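In our numbering, the protein residues as written are -8 to 537.
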């Protein structure tokens, strides 16, 4: 009996142990579906010829949805009425207006990334349906790329269009959408398929408002110079540019305080500014006279309420008339501190003269240099430097005292050193700065072998496309195609060499113009990054063969 009891006890313990080891876990539902829907059947079949249907049905292996069709769907050649596309369970219905289909024409319906499954939204990329109303399918392919003309970066989401060459007017991209379209991807690449053997005109533009026509200065554009005669598969590369606005106008005017106003132009140009209907006792001054600029500074005194100006654009001889409401003049004998030094991060650039800039119209005849004290600190000894200087204009004062490289200085400006025309003088101030040393900079030597004898702009730029240094070179017909360019006093950092083909010899990069059939000037950016170190010289050889 004892053995029987022990046997029952062991069995009971085993059952209890099994129950304690069992755990309740939620159902996982299996692995997540990562596969896009699969097209099982098309009715009529894909690549059908002698097509006459009004409805196309695409059947998939799972429930599907369509989304973002306005940005994804491309129908080539274009139809007057966009096909009506709806998802219904595992099917997609495409409804056409049959009367709009041209005879003997191959059509391509490209879905882009608009088709996805219903549950996980897995996208079926690049789905397309092709049919022909004739007895064969056109098969030519065209691919290529679109890059920004100014920096050669890939241009994404650009509409690339082909127009039937029966339409030859230069203004065509402004007036109607292309017959065949494609869009560039993030690499600037595009491709067409199922094109006919035909001549086309090719244009690409940014289509910011998605109306499929070029809207001029609001969008960027690129075009092929000549007709595109398709007789075989082809590759085309385009350069995208923003057309330059030829109109010149004042886009903004600012009066930050009494005695000064700024006029902001839409582009750099030469202007002549003249006030009218002002008191005989009034005074006024335009800054940077006869220089090309996009900002006009005007100083004035003895004028209240309004200032009337004539702004004449040179050499167009066009004139704008402005009536500017002025802020009220509030007399104050408080001394001003509205002046700055041309230091950056408390450091004066190499071989630069120290300069003070004022926001007021200054009385240059009342400068008191005895109120300026310049001290240098060298080996714990303080040395005073005699201060000399002169006015560069009515707002900028340059200190001519020769400063040594790599030294620490302090400029102390006592009260009444400078006077503004509006009667008050400066408050005291003290500025500590250090002069740069030549040993802090490097040198870049570039040996160039170029493919054309013409004018070039050679630039040293950062990865953010900031121009650090530039030189202009030109080849005569008898000269060699090789030249050496030295960039000295380059701050430590990482740079690239940019080469601009200065076709019109105006020392700047010029954009293109569609109606004038002018392409943008070519740009090459050397892919090798140049690392500049302090007190170090590097050399780079660049050969341009294309």
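All C-beta atoms in this analysis are idealised placements derived from N, C-alpha and C, irrespective of residue type, glycine included. Only a predicted model underlies this, so the values are computations on that prediction, with no experimental measurement involved.
Taking C-beta atoms as the reference points, residue 490 and residue 474 fail to come closer than 8 angstroms. Per DSSP, reduced to three states, the secondary structure at residue 253 is strand. In the three-state reduction of the DSSP assignment, residue 303 falls in the strand class, which pools E and B. The beta carbon of residue 516 sits closer than 6 angstroms to the beta carbons of 143, 487, 489 from its chain, once the five residues preceding and following it are set aside; these are given in chain order. In the three-state reduction of the DSSP assignment, residue 532 falls in the strand class, which pools E and B. In the pairwise beta carbon analysis, the segment 39 to 57 is classified as touching the segment 97 to 113: at least three pairs are separated by under 8 angstroms.
Sequence-distant Cβ neighbours of residue 65 in its own chain, meaning closer than 6 angstroms and more than five residues away, are 101, 172.
Two segments are said to touch when three or more pairs of C-beta atoms, one from each, lie closer than 8 angstroms; by this definition the segment 493 to 501 does not touch the segment 193 to 212. CA-to-CA, the gap between residue 47 and residue 33 works out to about 7 angstroms. For residue 171, the uninterrupted beta strand (DSSP E) segment begins and ends at 171 to 174. By alpha-carbon distance to residue 193, the top candidate from 38, 315, 338, 161 is 161. The C-beta distance from residue 293 to residue 272 rounds to 5 angstroms, short enough to meet the 8 angstroms contact threshold. Considering only 181, 140, 163, the residue with the shortest C-alpha distance to residue 134 is 181. With 16 or more other Cβ atoms inside 10 Å of its own Cβ, residue 234 counts as buried. Proximity to residue 156 across 527, 221, 106, 285 peaks at 221, based on C-alpha coordinates. Measuring C-alpha to C-alpha distances from residue 380 to each of 283, 244, 354, 346 identifies 346 as the nearest. A Cβ-Cβ contact shorter than 8 angstroms links residue 394 with residue 426. Contact check between the segment 123 to 133 and the segment 61 to 78: fewer than three CB pairs, one atom from each, fall below 8 angstroms, which does not count as touching. Cβ-Cβ distances below 8 angstroms link residue 76 to 57, 60, 64, 83, 84, 85, 86 in the same chain, with the five nearest sequence neighbours on each side left out; the list follows chain order. Secondary structure at residue 62: helix, using DSSP grouped into helix, strand and coil. Closest by C-alpha distance to residue 250, out of 239, 318, 302, 284, is 318.
About 5 angstroms separates the beta carbon of residue 241 from that of residue 254, a gap short enough to meet the 8 angstroms contact definition.
Per DSSP, residue 188 is not a residue of any alpha helix (DSSP H), being assigned neither H nor E. DSSP places residue 166 in the uninterrupted alpha helix (DSSP H) bounded by 163 to 166. It is roughly 33 angstroms from the alpha-carbon of residue 121 to the alpha-carbon of residue 23. Residue 55 has its alpha-carbon roughly 6 angstroms from the corresponding atom of residue 107. Within the model, the alpha-carbon separation for residue 191 versus residue 229 is close to 15 angstroms. Distances from the alpha-carbon of residue 209 to those of 176, 224, 165 put 165 closest. Inclusion of residue 377 and residue 358 in the CB contact set at 8 angstroms is not warranted, their separation being larger than that value.
Rounded to the nearest whole angstrom, the C-alpha separation of residue 31 and residue 226 is 33 angstroms. The continuous beta strand (DSSP E) containing residue 420 extends over residues 420 to 426.
Taken in chain order, the unbroken stretches of beta strand (DSSP E) that lie wholly in the segment 253 to 280 and span 3 residues or more are 274 to 277.
In the DSSP assignment, residue 522 forms a beta bridge with 485.
Within the same chain, Cβ atoms closer than 7 angstroms to the Cβ of residue 418 are found at 326, 327, 328, 406, the five residues on either side in sequence being excluded. Across the structure, residue 522 and residue 438 are spaced so that their CA atoms are roughly 16 angstroms apart.
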